[in-house]
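Chemist: So the protein lines, in turn, are chains W and D. To convert, note that position 99 of the first sequence is 99 in this note's numbering; the numbers rise steadily by one, no gaps. For this note's numbering, add 1000 to where a residue sits in the second sequence, where the first one is 1. Take a look at this one; I'll ask things after.
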Amino acid sequence: GENVEQHPSTLSVQEGDSAVIKCTYSDSASNYFPWYKQELGKRPQLIIDIRSNVGEKKDQRIAVTLNKTAKHFSLHITETQPEDSAVYFCAASKNFGNEKLTFGTGTRLTIIP
Amino acid sequence: NAGVTQTPKFQVLKTGQSMTLQCAQDMNHEYMSWYRQDPGMGLRLIHYSVGAGITDQGEVPNGYNVSRSTTEDFPLRLLSAAPSQTSVYFCASSASSRVGQPQHFGDGTRLSIL
């Protein structure tokens, strides 16, 4: 089955700086890559996603890039703010949808004021 | 519109007991799924359903059963609880399994097996 590795497991950045979280996947048939944010004690929430026919997607301060050849994708957060502090999970699946999503192990992002 | 509702929020069981975690959604979503979340392990898929009457196994199905008799409800049954099943359980739903759409998660059930 699919295996998704996520790095780093923890990340601290100064407020206003950028943060980058990277994930690699093993199944070349995977074609849907969402990112979820989970604040402490809360439910995970989708923040951005990308399909394999797109190389990059942006939504305000958040962007995701995908390299199909290398089988890795990354989350970029610019101009970080204290409310960006959370655990971020990447995931991968086939069929362009949520069916049988495989999640990474998460990155705890801390924004230092 | 309540979204995805999970009950109970907390539960303590003894080894060998059985119980059912309830999950209901009021968004007429086709796709529903159950995950467990353990420290350092991320979210792991237990079972999922692409519609009423259709269920399938995820990554870690052993020790759990599911059924989907209606679109709204997707209960998760622990057959004989074991300490290894101590975890936080999340139910999620999305409009479709085949189009990238947000999965809406419930608040989770924190389960402890003694």
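Built from N, CA and C at the ideal position, the CB exists for glycine as well.
(1) Using only alpha-carbon positions, find the residue among W/S26, W/K68 and W/F73 that is nearest to W/D49.
(2) So if DSSP puts W/D49 in a beta bridge, which residue, or which two residues, is it bridged to?
(3) Could you say which of W/E83, W/G1, W/A19 and W/Q14 lies nearest to W/H7 if we only look at CA atoms?
(4) Using the Cβ count rule (16 or more neighbours within 10 Å means buried), how would you classify D/M1041?
(5) With DSSP as the reference, please indicate the residues paired to W/S28 in a beta bridge.
(6) Under 7 Å Cβ-Cβ, which residues of chain W neighbour D/M1041?
(7) Less than 8 Å between CB atoms is the rule here; does W/N98 satisfy it with respect to chain D?
(8) Tell me whether D/Q1011 sits in a helix, a strand or coil according to DSSP, three-state version.
(9) Does D/F1090 get closer than 8 Å to chain W when you measure Cβ to Cβ?
(10) For a contact defined as C-beta to C-beta under 9 Å, what are the partners of D/D1026 on chain W?
(11) Give the residues of chain D in contact with W/R108, contact being defined as C-beta atoms less than 7 Å apart.
(12) Counting only the same chain and skipping the five closest in sequence on each side, list residues whose C-beta sits under 6 Å from that of W/E56.
(13) So which residues of chain W does D/S1094 contact, with C-beta pairs closer than 7 Å?
(14) Note down, in chain order, every chain W residue with its Cβ under 7 Å from the Cβ of D/L1045.
(15) Among W/T107, W/K71 and W/K100, whose alpha-carbon lies nearest the alpha-carbon of W/G1?
(16) Smallest Cα separation from D/G1100: which of W/R51, W/L11 and W/E5?
(17) Could you name the residues that DSSP lists as bridge partners for W/K57?
(18) So which residues on chain W does D/Q1103 lean against when the C-beta distance must stay under 7 Å?
Modeler: Taking the geometry as given:
(1) As a first step, residue 49 of chain W is located in the first sequence; it is residue number 49 there, counting from the start. Nearest C-alpha to W/D49: W/F73.
(2) On the first sequence, residue 49 of chain W is found 49 positions in, with the first residue counted as 1. W/P34.
(3) For the purposes of this step, residue 7 of chain W is identified with residue 7 of the first sequence, where counting begins at 1. The shortest C-alpha separation from W/H7 is found at W/A19.
(4) If you number the second sequence from 1, residue 1041 of chain D lands on position 41. Exposed, since its Cβ has fewer than 16 Cβ neighbours within 10 Å.
(5) Within the first sequence, numbered from 1, the residue matching residue 28 of chain W stands at position 28. Answer is none; W/S28 lacks a bridge partner.
(6) Position 41 of the second sequence holds residue 1041 of chain D. Against D/M1041, the close residues of chain W are T105, in the order they occur along the chain (beta-carbon pairs closer than 7 Å).
(7) Sequence index remark: in the first sequence, residue 98 of chain W carries index 98 (1-based). Yes, contact with chain D.
(8) Translated into the one-based positions of the second sequence, residue 1011 of chain D becomes position 11. In the structure shown, D/Q1011 sits in a strand (DSSP, three-state: E or B).
(9) Within the second sequence, residue 1090 of chain D is the residue found at index 90, counting from 1. Interface residue, yes.
(10) Stepping through the second sequence from its first residue, residue 1026 of chain D is reached at position 26. Residues of chain W passing the Cβ test: none, with the nearest at roughly 16 Å.
(11) The count along the first sequence starts at 1 and reaches residue 108 of chain W at position 108. At a C-beta separation below 7 Å, W/R108 has no neighbours in chain D, since its nearest C-beta there lies roughly 10 Å away.
(12) As a first step, residue 56 of chain W must be located in the first sequence, where it is residue number 56. If you ignore the 5 residues before and after W/E56, its C-beta comes within less than 6 Å of the C-beta of T65, all in its own chain and listed in chain order.
(13) Counting from 1 along the second sequence, the entry for residue 1094 of chain D is found at position 94. Residues of chain W passing the Cβ test: N98.
(14) Working through the second sequence from its first residue, we reach residue 1045 of chain D at position 45. Result: K100 and L101.
(15) As a first step, residue 1 of chain W must be located in the first sequence, where it is residue number 1. Cα-wise, what sits closest to W/G1 is W/K100.
(16) Position 100 of the second sequence, counting from 1, holds the residue named residue 1100 of chain D. Here the closest residue by C-alpha is W/R51.
(17) Taking the first sequence and counting its residues from 1, the one referred to as residue 57 of chain W is at position 57. In DSSP, W/K57 forms a bridge with W/V64.
(18) Here the question's residue 1103 of chain D lines up with position 103 in the second sequence. When 7 Å is used as the limit between beta carbons, D/Q1103 is near these residues of chain W: L46 and N98, in chain order.
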